[in-house]
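For reference, the structure discussed in these notes is given below.
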Amino acid sequence: QTAVCRQGLLHALGDAYADDWAVANDPEFVARILLQQCSEGSVLIVHMPEKGFREHCLVVLTKLLEGLTARGLRCLTLSEMAERCGVTFREAETEATQVYAKMS
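At the far end of the sequence shown sits residue 907, using this note's numbering, and the numbering has no gaps.
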């Protein structure tokens, strides 16, 4: 928490998660599970693929994006989602800084 606040970052939680790192042999299954969990406004958690490491997550992301598109959903940044709700990250950052100050 301290390092996050010092860097001016904020925590964000997701509501759709499928242990993508643990199911490397079936990326289609992972994408299917994520699609079952998500709806408009969901925050999906998927690990970033890297060359030689979690490469199956690229297939997960491809299948996931195809499925979201087929359902008429699209990806937004957290900033875009907050803006649509009338909240700015500056407000959230101020609140987080105040909470951190009380903890110190």
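Note that beta-carbon positions come from the ideal geometry of N, C-alpha and C, so glycine has one too. None of the values given here were measured: they were computed from a predicted structure.
Between the C-alpha atoms of Lys-905 and Thr-805 there is a straight-line separation of about 12 Å. Between His-850 and Pro-830, the C-beta gap is not smaller than 8 Å, which leaves the two residues out of contact. Annotation: the stretch 842–884 contains the following complete segments of the alpha helix (DSSP H) (minimum length 4 residues), in chain order: 859–873.
Ala-819 carries a strand assignment under DSSP once its states are collapsed to helix, strand and coil. DSSP, reduced to helix, strand and coil, places Thr-891 outside both helices and strands of the structure shown, so it counts as coil.
Ala-834 is classed as buried because its beta carbon has at least 16 other beta carbons within 10 Å across all chains shown. For Thr-872 and Gln-840, the gap between their C-alpha atoms comes out near 15 Å.
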